[in-house]
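Under the UniProt record's numbering, the residue at position 123 of the sequence shown is numbered 123, and the numbers go up by one with no gaps.
Think of the CB as a built atom: it goes at the ideal place given N, C-alpha and C, for glycine as much as any other residue.
All values reported here derive from a predicted model rather than from experimental measurement.
Contents: one structure, followed by commentary.
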Amino acid sequence: MVVLKGVPALLSPELLFALARMGHGDEIVLADVNFPTSSICRCGPEEIRADGLGIPQLLEAVLKLLPLDTYVESPAAVMELEPSDWERGLQTPVWRSYESILFMAGCTSTLAKIERFEFYERAKKAFAVVATGQQAQNGSLYQAPHRETETSWSQLHCPRNGTGNQLVWKPRPSTSEVTRLTQPASPSRKSP
Numbered sequence: 001m002v003v004l005k006g007v008p009a010l011l012s013p014e015l016l017f018a019l020a021r022m023g024h025g026d027e028i029v030l031a032d033v034n035f036p037t038s039s040i041c042r043c044g045p046e047e048i049r050a051d052g053l054g055i056p057q058l059l060e061a062v063l064k065l066l067p068l069d070t071y072v073e074s075p076a077a078v079m080e081l082e083p084s085d086w087e088r089g090l091q092t093p094v095w096r097s098y099e100s101i102l103f104m105a106g107c108t109s110t111l112a113k114i115e116r117f118e119f120y121e122r123a124k125k126a127f128a129v130v131a132t133g134q135q136a137q138n139g140s141l142y143q144a145p146h147r148e149t150e151t152s153w154s155q156l157h158c159p160r161n162g163t164g165n166q167l168v169w170k171p172r173p174s175t176s177e178v179t180r181l182t183q184p185a186s187p188s189r190k191s192p
């Protein structure tokens, strides 16, 4: 693989290709080692391997290419801990890492939290799931490009067993994309 100027070298050709094909309404999951990536991908999402990479470093790299969506209340979310996780005092320090990285990328809201099974259902509709080597407890992240509905938001996933590390986010549309969405298309010209 050739080194591309300005493109983080840890992004694989497969991940770059997926990011380039994503559009409005598409979502991507950055999954930890315990996330059921292959099972979820049987429902439709593309499976991309990034074994050995942590989600924080992958998130930083992806955010250099895709901006956060500023049209939603929370562009990133984690899977909510189960009551038993709270009762035993499970800590989620990796969430602070995500919030710091997201803040540096312009996100001013905190991570939203999504119920576990709702997250799994969301992940089944994602464009892609990136299986990482993330082993920190509760660190899965889910991301998504801009969508026109209030329900289009990014998600971080944390499985019930307390080892989830998935991340999701939603890139912000460029000015030209917003213009294309709000202005009528000009008539197409036919070739002679």
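Can you tell me whether DSSP reads residue i as helix, strand or coil?
i: Leu68; result: strand
i: His146; result: The predicted position of His146 is uncertain, since its pLDDT is 44 and thus under 50; a value taken from the coordinates is nonetheless stated next. Note: His146 maps to coil in three-state DSSP.
i: Arg49; result: strand
i: Leu30; result: strand
i: Leu10; result: coil
i: Leu4; result: coil
i: Arg96; result: helix
i: Pro36; result: coil
i: Glu73; result: coil
i: Gln57; result: helix
i: Phe127; result: coil
i: Ala105; result: coil
i: Arg21; result: helix
i: Cys43; result: coil
i: Arg88; result: coil
Go through its chain and collect everything with a Cβ distance to residue i's Cβ below 7 angstroms, but skip five positions before and after it.
i: residue 200; result: Residue numbering for the chain in the displayed model covers 1 to 192; residue 200 lies beyond these limits and cannot be assessed.
Pull the bridge partners of residue i from the DSSP assignment, please.
i: Val78; result: Lys113
i: Thr132; result: Ala50
Short of 6 angstroms in beta carbon distance, which residues of its chain neighbour residue i, apart from the five on each side in sequence? Order them along the chain.
i: Pro45; result: Ala126, Ala128 and Val129
i: Ile40; result: Ala123, Lys124 and Val129
Report all residues from its chain with a CB closer than 8 angstroms to the CB of residue i; omit the five preceding and five following residues, and keep chain order.
i: residue 205; result: Any answer about residue 205 is impossible in this case: the structure gives the chain only from 1 up to 192.
i: Lys110; result: The sequence given here places Thr at residue 110; Lys does not occur at that position. Answer for Thr110: Ser74 and Glu99, listed in chain order.
i: Val3; result: Ala9
Beta carbon of residue i, beta carbon of residue j: below 8 angstroms?
i: Ala77; j: Ala50; result: no
i: Pro75; j: Leu68; result: yes
i: residue 240; j: Ile114; result: This structure cannot speak to residue 240, because the chain is shown only from 1 to 192.
i: Leu53; j: Gly133; result: yes
i: Glu82; j: Arg116; result: yes
i: Ala20; j: Leu63; result: no
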